[in-house]
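S.K.: Numbering (full-length UniProt numbering), first residue to last: 1 to 291.
For every residue, glycine included, the Cβ atom is placed at its ideal position computed from N, Cα and C.
This is the structure I want to talk about, given as structure tokens.
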């Protein structure tokens with residue numbers, strides 16, 4: 001397998017036909033078909049079900065296409081970075097960031113880094129904490145901004161911000177709740193929207209309690225929780241900083257201190273990173289004011 005074969009394969013998938021791919025690649029069909037047959041022979045799998053009009057990916061083909069896109073994206077990024085180095089500029093830092101991860105401390109660190117390394121560029125990958133950890137493991141990204149709880153074995157981490165949890169939603173869900181910070185028991189009977197990770201933690205806390213909670217919608221992203229809460233389907237349980245994306249949404253603080261969540265900048269321990277990523281991580285180790 002080589003990069004050219006992966007490129008040919010990806011173009012066929014994206015155009016839907018070998019003839020369309022051949023036109024885009026400015027080559028004839030026979031050598032293009034031969035490259036795909038060589039791939040199939042090398043790995044002993046069929047990549048396409050060939051129909052009269054459009055090709056259809058087999059399961060093996062879908063897996064290969066997923067890897068091909070990532071490999072081709074890294075190739076393009078490498079070419080871009082090398083061109084910048086050739087021009088005397090620094091490269092690109094690849095960072096995975098959760099949807100509630102763009103806090104003031106993060107941008108303060110970026111600003112401090114930019115002041116000393118103005119030529120570095122950034123490539124940001126969005127996802128939830130576990131998706132981003134997977135991309136970090138695969139080396140698609142070099143650094144990550146993620147939120148507890150997460151498995152931190154093998155990671156160097158720098159705390160960015162500690163968040164207390166809040167309950168946010170339309171007034172109809174908050175109006176009847178007690179005054180002051182709320183306890184989980186106060187939420188009995190309220191339809192809740194929350195992260196899947198927090199659902200597991202809260203259910204464990206409730207194991208020996210005398211009340212139960214209604215997890216109306218469980219999801220993997222702060223944006224989804226906010227969307228459901230704003231649409232009026234329930235009250236969202238999320239970190240306070242996530243409300244930056246919905247400043248008009250009413251909320252109440254939770255009193256349970258063990259439900260706090262901390263945002264971290266992390267890197268794989270011992271892994272050699274690009275010069276830009278190493279310098280950025282060092283920048284975040286320097287204490288600075290959060291304002």
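What is the rounded straight-line gap between the Cα of residue 228 and the Cα of residue 261?
M.R.: The alpha-carbon atoms of residue 228 and residue 261 are separated by roughly 21 Å.
S.K.: By Cβ distance, which residues of its chain are closer than 7 Å to residue 216, with the 5 residues on each side in sequence left out?
M.R.: Taken in chain order, the residues that qualify are 191, 192, 193, 233, 234.
S.K.: Measure from the alpha carbon of residue 94 to the alpha carbon of each residue in 105, 270, 134, 121, then state which is nearest.
M.R.: The candidate whose alpha carbon is nearest that of residue 94 is 121.
S.K.: Which two residues bound the contiguous alpha helix (DSSP H) that contains residue 174?
M.R.: Segment 171-174, the alpha helix (DSSP H) holding residue 174.
S.K.: Could you give the DSSP three-state label for residue 58: helix, strand or coil?
M.R.: Residue 58: coil per DSSP, three-state reduction.
S.K.: Who pairs with residue 237 in a beta bridge, going by DSSP?
M.R.: Residue 237 pairs with 167, 194.
S.K.: Determine the burial state of residue 159: buried for a count of at least 16 other Cβ atoms within 10 Å of its Cβ, exposed for fewer.
M.R.: Burial call: exposed.
S.K.: Using CA atoms only, rank isn't needed, just tell me which of 175, 178, 221 is closest to residue 196.
M.R.: Of the candidates 175, 178, 221, the one whose C-alpha sits nearest the C-alpha of residue 196 is 221.
S.K.: Write down every uninterrupted run of the alpha helix (DSSP H) in the stretch 202-261 whose length is 4 residues or greater and which is fully enclosed by it, in chain order.
M.R.: Counting only runs of 4 or more, we get 222-230.
S.K.: So residue 22 is in the alpha helix (DSSP H); what residue range does that whole segment cover?
M.R.: Residue 22 -> alpha helix (DSSP H) spans 18-25.
S.K.: With respect to the alpha helix (DSSP H) encompassing residue 269, which residues constitute its N-terminal and C-terminal limits?
M.R.: Segment: none, residue 269 is in no alpha helix (DSSP H) and carries neither H nor E.
S.K.: Could you pull out every residue in the same chain whose Cβ sits closer than 6 Å to the Cβ of residue 55, ignoring the five residues on either side in sequence?
M.R.: These residues qualify, in order along the chain: 48.
S.K.: Helix, strand or coil for residue 101 per DSSP?
M.R.: Note: residue 101 maps to coil in three-state DSSP.
S.K.: So residue 109 and residue 224 are supposed to be a Cβ contact under 8 Å. How far apart are they, rounded?
M.R.: Residue 109 to residue 224, Cβ: 27 Å. No contact.
S.K.: Below 8 Å, how does it come out for the stretch 67-85 and the stretch 18-38: are there three or more Cβ pairs, yes or no?
M.R.: At 8 Å Cβ cutoff, the stretches do not touch.
S.K.: Apply the 10 Å Cβ neighbour rule to residue 168 and answer buried if 16 or more other Cβ atoms are within range, or exposed otherwise.
M.R.: Buried.
S.K.: Is it true that the CB of residue 239 sits closer than 8 Å to the CB of residue 170?
M.R.: No, Cβ-Cβ distance for residue 170 and residue 239 is not below 8 Å.
S.K.: Would you tell me roughly how many angstroms separate the C-alpha atoms of residue 212 and residue 115, rounded to the nearest one?
M.R.: If you take the alpha carbons of residue 212 and residue 115, they lie about 51 Å apart.
S.K.: Can you have a look at residue 241 and say buried or exposed, based on whether 16 or more other CB atoms are within 10 angstroms of its CB?
M.R.: By the neighbour-count rule (16 or more Cβ atoms within 10 Å), residue 241 is buried.
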